[in-house]
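Novice:
Protein chains: 2
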Amino acid sequence: MLEVFEQTNNAVSVVELVERLRREMNKTTVYRILERLEDEGTLHSFTGKNGLKWYAACKECSPSHHLDSHPHFQCRVCGKTECLFIDISIPPVSNYKIDSAELLLTGQCKDCLS
Amino acid sequence: MLEVFEQTNNAVSVVELVERLRREMNKTTVYRILERLEDEGTLHSFTGKNGLKWYAACKECSPSHHLDSHPHFQCRVCGKTECLFIDISIPPVSNYKIDSAELLLTGQCKDCLS
DNA sequence: TGTTTAATGCAACTGAGTTGCAAAAGTAAG
DNA sequence: CTTACTTTTGCAACTCAGTTGCATTAAACA
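Chains H and Y supply the protein sequences, listed in that same order.
Each residue of the first sequence is one higher than the last, beginning at 0 in numbering that gives the first Met the number 0.
Each residue of the second sequence is one higher than the last, beginning at 0 in numbering that gives the first Met the number 0.
1) From the beta carbon of ASN94 (chain Y), is the nearest beta carbon of chain H less than 7 angstroms away?
2) So, do the region 91–110 of chain H and the region 15–25 of chain Y have three or more beta carbon pairs nearer to each other than 8 angstroms?
3) Can you pull the chain H residues whose beta carbon is under 9 angstroms from the beta carbon of GLN107 (chain Y), in chain order?
4) Flag this pair as yes or no: are the beta carbons of HIS71 (chain H) and PHE45 (chain H) separated by less than 7 angstroms?
5) Go ahead and pull the three-state DSSP assignment for THR80 (chain H).
6) Report the three-state DSSP secondary structure of VAL11 (chain Y) (helix, strand or coil).
7) In three-state terms, what does DSSP make of ASP27 (chain H)?
8) Could you check the C-alpha separation between THR80 (chain H) and LEU104 (chain H) for me, to the nearest Å?
9) Straight-line CA distance for ALA10 (chain H) to LYS52 (chain H)?
10) Which residues of chain Y have a Cβ atom closer than 9 angstroms to the Cβ of LYS121 (chain H), listed in chain order?
11) Grouping DSSP H, G and I as helix and E and B as strand, with all else coil, what is LEU104 (chain Y)?
12) Within 7 angstroms (strictly less), CB to CB, does GLU81 (chain Y) reach chain H?
13) Among the residues of its own chain, which have a CB less than 6 angstroms from the CB of SER12 (chain Y), if the five just before and after it don't count?
14) Say whether chain Y places a C-beta atom closer than 7 angstroms to the C-beta of GLU101 (chain H).
15) Kindly indicate which residue of H:ARG22, H:LYS48, H:ASN49 and H:PHE4 has the alpha-carbon position closest to the one of LEU36 (chain H).
16) By a C-beta neighbour count over all protein chains shown, 10 Å radius and 16 as the cutoff for buried, is GLU2 (chain Y) buried or exposed?
17) Kindly say whether THR46 (chain H), judged by its beta-carbon, lies nearer than 7 angstroms to any beta-carbon of chain Y.
18) For ILE32 (chain H), name the three-state secondary structure that DSSP assigns.
19) What number of angstroms, rounded off, separates the C-alpha of LEU102 (chain H) from the C-alpha of GLY40 (chain H)?
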């Protein structure tokens with residue numbers, strides 16, 4: 000399972016993971032392992048443009064501190080999805096206690112820009 | 000349909016809309032009208048924490064220019080979801096052409112902070 | 001070896017969103 | 001009014017990501 004994330008810097012959708020691991024393990028098992036890896040701080044998840052769930056390897060996450068304010072990019076053309084290691088400053092919102100921020104940028108990646 | 004959005008400043012999930020309009024129109028019709036209203040620039044949509052679709056009235060949207068960089072807030076406790084009218088500056092990302100940005104903040108709203 | 005606990009498989013289910021098609025409602029001539 | 005045409009709606013069936021219950025297997029450990 001983790002090999003998938005070691006081979007790429009991109010995020011991987013659960014749908015693709017289930018497909019790629021079809022021979023090795025059951026769909027339910029994929030979901031359960033992903034949940035565990037996220038709890039452990041090895042992976043983090045986010046929701047793609049279409050509402051599908053994506054996972055990516057954590058670089059600077061811990062079990063308690065997940066993906067704070069690092070955005071994700073999803074290419075409208077090829078679907079490639081990846082973490083962007085730039086800092087987004089979330090302005091404080093009065094009267095709200097913000098726990099997490101999820102920023103999804105969509106557009107065209109460099110490969111699809113030609 | 001639009002009355003729902005006139006009565007509140009909050010966003011409304013499609014699920015809730017279907018439920019509230021159950022007597023007046025079919026589920027399919029709700030989806031179709033929402034799609035039309037979004038095309039026309041009357042409403043804009045975004046994806047909630049759980050992957051469900053939400054709609055909110057447009058204040059400064061046009062058919063071509065939707066919800067650019069205005070974030071949404073979703074309360075972890077009561078589920079209330081609303082537009083935040085603060086500007087988020089998306090730093091330019093080299094080699095990427097960013098078309099849209101969707102920022103979802105989650106936490107506790109003022110009513111649930113007691 | 002037996003017992004307990006955790007990990008997996010499988011099948012059936014849930015629920016949001018979609019699709020195809022037919023019925024209804026609206027629009028515009030003739 | 002009536003016919004022809006277009007748009008809107010309802011309904012049922014479907015798709016598909018994600019979940020659940022339960023039985024089976026594998027690990028851990030006494």
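Even glycine gets a Cβ: it sits at the ideal position worked out from N, Cα and C.
Specialist: Reading from the atomic positions:
1) Chain H places a beta carbon closer than 7 angstroms to that of ASN94 (chain Y), counting this residue as a contact.
2) The region 15–25 of chain Y and the region 91–110 of chain H do not touch, with fewer than three beta-carbon pairs separated by less than 8 angstroms.
3) TYR95, LYS96, ILE97 and ASP98
4) yes
5) strand
6) strand
7) The sequence shown places Thr at residue 27 (chain H), rather than the Asp named in the question. The three-state secondary structure of THR27 (chain H), taken from DSSP, is helix.
8) 10 angstroms
9) 10 angstroms
10) Nothing about residue 121 (chain H) can be read from this structure; chain H reaches only from 0 to 113.
11) Judged by DSSP in its simplified three-state form, LEU104 (chain Y) adopts strand.
12) Any Cβ of chain H closer than 7 angstroms to the Cβ of GLU81 (chain Y) would place that residue at the interface, and such an atom is absent.
13) LEU51 and TRP53
14) At a cut-off of 7 angstroms between beta-carbon atoms, GLU101 (chain H) makes contact with chain Y.
15) H:PHE4
16) So GLU2 (chain Y) ends up on the exposed side.
17) yes
18) helix
19) Taking the straight line joining both Cα atoms gives about 19 angstroms.
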